[in-house]
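Trainee:
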Amino acid sequence: MSAITTAHAIDPEHNKAQVKRIWKAFWILLVLTILELALGLTIYNIELNANYNEHLVLALKGTICILTLAKAFYIISIFMHLGDEVRNLIMSLAVPALSFIWFIFAFIYDGNSFKNLRNTDAGSHPSIENVQQHPAATPAIKEGEKN
Amino acid sequence: METALARTKTHLWGGGRSPFNVSYGKLMMWYFLMSDSFTFGAFLISYGSIRFSLNYWVNHNYVFNEFPFTEANLPLAFVSLMTFILIFSSVTMVLAVHEGHKMNKKGVEKWLALTILGGLCFLGSQAWEWTGLITGHHKVLVDGAIQYWGTTVSHNPWGPKVLFHGEMVATPGPVAFGGYFFGITGFHGFHVFTGVIINSIMLTKTRLGHFEKRGHYEMIEKAGLYWHFVDLVWVFVFLCFYLI
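Respectively, the protein sequence lines represent chains A and B.
Residue numbering for the first sequence follows the numbering used here, starting at 20 and increasing by one per position.
Residue numbering for the second sequence follows the numbering used here, starting at 3 and increasing by one per position.
Here you go:
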């Protein structure tokens with residue numbers, strides 16, 4: 020086994036390039052994180068308005084998700100050196116991980132469907148979502164009366 | 003060309019060596035991390051599913067807005083500090099692995115010690131954040147009377163606001179928030195904690211010269227893989243709880 024690990028014997032030129040690559044990945048991660056934070060703060064400021072554009076917020080959140088995937092790619096391929104491994108090894112890890120795409124869509128769709136069923140009593144009446152989102156419409160005293 | 007390809011193939015799969023060109027220990031570390039990513043994935047997807055099934059969820063910018071030594075409203079500030087600490091400790095770890103390739107004992111010791119320090123800083127930050135959330139006093143209207151709640155697994159003072167005696171007061175929010183937040187960040191924090199312990203053992207073994215005697219620093223690589231995974235998971239925890 021040691022034959023595999025000591026095979027990395029590094030010459031000074033290669034060494035410099037490797038260290039440079041590591042720090043480059045660090046700066047990329049830092050910039051991506053700062054971009055995410057900027058977008059997060061933008062969302063915060065947009066949501067301060069009572070009637071904000073929900074589609075704009077959703078688009079910004081989607082952008083943040085894409086930036087996160089880019090960060091994950093850099094961590095795995097550069098910091099964890101997976102990019103330098105044999106293709107078969109990469110595939111044996113990447114192919115099972117692809118099932119996450121299905122998991123995410125299926126479970127979030129399921130959660131959303133559950134919300135719709137509950138809001139409409141399984142489709143027996145129109146959505147009451149708006150009433151539940153703004154309880155200010157129902158007097159607060161009502162809560163106390165229940166007990 | 004074709005014969006060259008055939009030769010490499012028989013070379014890789016002909017037996018006598020690892021066909022993936024990595025040692026058994028490193029390969030199994032990769033598969034452990036993959037299974038661990040499914041555990042974290044299941045937690046986060048379950049959280050997403052519950053969040054989508056409710057009409058109201060908390061606004062994270064109001065929950066996580068505190069910073070040490072100030073009363074100012076600073077959404078995202080403290081968690082970005084935690085993120086930077088973890089990214090930086092990931093860099094020091096990869097530099098330790100790199101020094102290990104060069105068989106530079108002093109270099110490994112230096113960068114590994116910095117990595118451990120980063121991990122401890124992160125854990126300290128998380129302890130501070132949790133303490134602030136649990137011991138907080140937030141005005142909540144419960145059963146027609148005002149109470150003061152912290153954020154715990156059973157109490158959520160971040161529900162929708164209602165008008166009460168001419169003032170907007172929060173009502174109890176979905177209980178699931180505390181459970182998911184403390185459960186997932188706690189599970190991640192536990193990974194950071196074990197990572198710090200593993201790295202401390204590696205630092206001790208490096209100092210004792212175990213790896214030098216062995217002729218390679220592969221154990222540092224394996225510990226490094228685990229540590230980077232902890233950073234990778236935080237990227238997604240950060241996304242799910244603090245950004246969207």
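No residue lacks a Cβ here, since even glycine has one placed at the ideal position from N, Cα and C.
For ILE89 (chain B), verify whether its CB is less than 8 angstroms away from any heavy atom of the ligand ZN.
Mentor: Annotation note on the ligand ZN: not contained in the displayed structure, which lists no ligands.
Trainee: Taking contact to mean at least 3 C-beta pairs separated by less than 8 angstroms, is the stretch 57-70 of chain B in contact with the stretch 188-201 of chain B?
Mentor: With the cut-off at 8 angstroms, the stretch 57-70 of chain B and the stretch 188-201 of chain B do not touch.
Trainee: Using a Cβ-Cβ cutoff of 8 angstroms, what residues of the stretch 104-120 of chain A are near chain B? List them in chain order.
Mentor: Within the stretch 104-120 of chain A, the residues whose Cβ lies closer than 8 angstroms to some Cβ of chain B are GLU104, VAL105, ASN107, LEU108, SER111, LEU112, PRO115, ALA116, PHE119, listed in chain order.
Trainee: Could you list which residues in chain A have their beta carbon closer than 9 angstroms to that of TRP32 (chain B), in chain order?
Mentor: Per Cβ cutoff of 9 angstroms: MET99, LEU101, GLU104, LEU108, SER111, LEU112.
Trainee: Within 10 angstroms of the Cβ of ALA98 (chain B), are there 16 or more other Cβ atoms? Answer buried if so, exposed if not.
Mentor: ALA98 (chain B) comes out buried.
Trainee: Excluding the 5 residues flanking TYR150 (chain B) on each side, which residues of the same chain have their C-beta closer than 6 angstroms to its C-beta?
Mentor: HIS139.
Trainee: Taking only runs of the alpha helix (DSSP H) that begin and end inside the stretch 78-155 of chain B, which ones reach a length of at least 4 residues, in chain order?
Mentor: List check, alpha helix (DSSP H) in window: 79-103, 107-136.
Trainee: Does the Cβ of THR41 (chain B) have 16 or more other Cβ atoms within 10 Å, making it buried, or fewer, making it exposed?
Mentor: Exposed, by the Cβ-count rule.
Trainee: Check whether the stretch 27-38 of chain B and the stretch 117-133 of chain A touch, using three or more Cβ-Cβ pairs below 8 angstroms as the test.
Mentor: No, the stretch 27-38 of chain B does not touch the stretch 117-133 of chain A.
Trainee: Cα-Cα, which of B:GLN128, B:LYS108, B:THR72 is closest to GLY211 (chain B)?
Mentor: Cα-wise, what sits closest to GLY211 (chain B) is B:LYS108.
Trainee: Could you spell out the range, first to last residue, of the alpha helix (DSSP H) harbouring MET36 (chain B)?
Mentor: Segment 26-55, the alpha helix (DSSP H) holding MET36 (chain B).
Trainee: Quick check: the Cα distance between LYS207 (chain B) and PHE213 (chain B), rounded to an integer number of angstroms?
Mentor: So the alpha carbons of these two residues sit roughly 7 angstroms apart.
Trainee: What are the boundary residues of the beta strand (DSSP E) that includes ALA172 (chain B)?
Mentor: 169-172 is the extent of the beta strand (DSSP E) around ALA172 (chain B).
Trainee: Along chain B, in chain order, which residues have C-beta atoms closer than 8 angstroms to that of TYR63 (chain A)?
Mentor: In chain order: ASN63, PRO77, LEU78.
Trainee: Nearest-angstrom Cα distance between LYS163 (chain B) and ASP140 (chain A)?
Mentor: Taking the straight line from one Cα to the other gives about 25 angstroms.
Trainee: Put THR24 (chain A) into one of helix, strand or coil per three-state DSSP.
Mentor: Unreliable positioning characterises THR24 (chain A) in this predicted model, as indicated by a pLDDT of 45, which lies under 50. A coordinate reading is not provided.
Trainee: Applying the 10 Å Cβ sphere with the 16-neighbour rule, what's the burial state of THR87 (chain A)?
Mentor: Classification for THR87 (chain A): buried.
Trainee: Under 7 angstroms Cβ-Cβ, which residues of chain B neighbour LEU49 (chain A)?
Mentor: Those are ILE89, listed as they occur along chain B.
Trainee: Buried or exposed for ASN75 (chain B), please, with buried defined as at least 16 other CB atoms from any protein chain shown within 10 angstroms of its CB.
Mentor: Label assigned to ASN75 (chain B): exposed.
Trainee: Hey, quick one: how far does the beta strand (DSSP E) through LEU165 (chain B) stretch, first residue to last?
Mentor: Start and end: 163-166.
Trainee: Would you kindly work out how many angstroms separate the C-alpha atoms of ASN116 (chain B) and GLY197 (chain B), rounded to a whole number?
Mentor: Correcting the residue identity first, residue 116 (chain B) is Leu in this sequence and not Asn. Taking the straight line from one Cα to the other gives about 13 angstroms.
Trainee: In chain order, what residues of the same chain have a beta carbon less than 7 angstroms from the beta carbon of ILE89 (chain B), not counting five sequence neighbours either side?
Mentor: If we look at ILE89 (chain B) and ignore the five residues flanking it on each side, its Cβ neighbours are ASP233.
Trainee: If you follow the alpha helix (DSSP H) that VAL194 (chain B) is in, where does it begin and where does it stop?
Mentor: Looking at the DSSP string, the run of the alpha helix (DSSP H) that includes VAL194 (chain B) is 178-209.
Trainee: Would you mind sorting ALA279 (chain B) into buried or exposed? The rule is 16 or more other CB atoms within 10 Å of its CB.
Mentor: No answer is possible for residue 279 (chain B): it lies beyond the span of chain B, which begins at 3 and ends at 246.
Trainee: Please name the residue, chosen from B:GLY180, B:THR133, B:LEU205, that lies closest to ARG53 (chain B) on a Cα-to-Cα basis.
Mentor: Measuring from the Cα of ARG53 (chain B), the nearest candidate turns out to be B:GLY180.
Trainee: I'd like the list of long-range same chain contacts for ILE47 (chain A), defined as Cβ closer than 7 angstroms, with 5 residues on each side in sequence excluded.
Mentor: Within the same chain, ILE47 (chain A) has close Cβ partners TYR93.
Trainee: What residues in the stretch 66-96 of chain A bring their beta carbon closer than 8 angstroms to a beta carbon of chain B?
Mentor: Within the stretch 66-96 of chain A, the residues whose Cβ lies closer than 8 angstroms to some Cβ of chain B are GLU66, LYS80, ILE83, CYS84, THR87, LYS90, ALA91, ILE94, ILE95, listed in chain order.
Trainee: With respect to the alpha helix (DSSP H) encompassing ARG216 (chain B), which residues constitute its N-terminal and C-terminal limits?
Mentor: It spans 212-216 - the alpha helix (DSSP H) in which ARG216 (chain B) sits, taken as one unbroken run.
Trainee: Please classify PHE69 (chain B): does DSSP put it in a helix, a strand, or coil?
Mentor: Here PHE69 (chain B) sits in strand by DSSP.
Trainee: When burial is assigned at 16 or more other CB atoms within 10 Å of the CB, is THR72 (chain B) buried or exposed?
Mentor: Exposed: under 16 other Cβ atoms inside 10 Å.
Trainee: List, in chain order, every chain A residue whose beta-carbon is nearer than 7 angstroms to that of LEU245 (chain B).
Mentor: Those within 7 angstroms of LEU245 (chain B) in chain A are GLU55, GLY59, ILE83.
Trainee: DSSP three-state label for PHE122 (chain A), please.
Mentor: Note: PHE122 (chain A) maps to helix in three-state DSSP.
Trainee: Determine, using beta carbons only, whether LEU248 (chain B) comes closer than 9 angstroms to chain A.
Mentor: Because residue 248 (chain B) is not part of the residues shown, which for chain B are 3 to 246, the question remains open.
Trainee: In angstroms, rounded to a whole number, what distance separates the CA positions of LYS39 (chain A) and VAL93 (chain B)?
Mentor: One C-alpha to the other measures close to 12 angstroms.
Trainee: Name, please, each residue of chain B whose Cβ falls closer than 8 angstroms to the Cβ of THR52 (chain A).
Mentor: Within 8 angstroms Cβ-Cβ: SER82, THR85, PHE86, ILE89.
Trainee: At 7 angstroms on the CB atoms, spell out the chain A contacts of LEU227 (chain B), in chain order.
Mentor: The answer, in chain order, is MET99.
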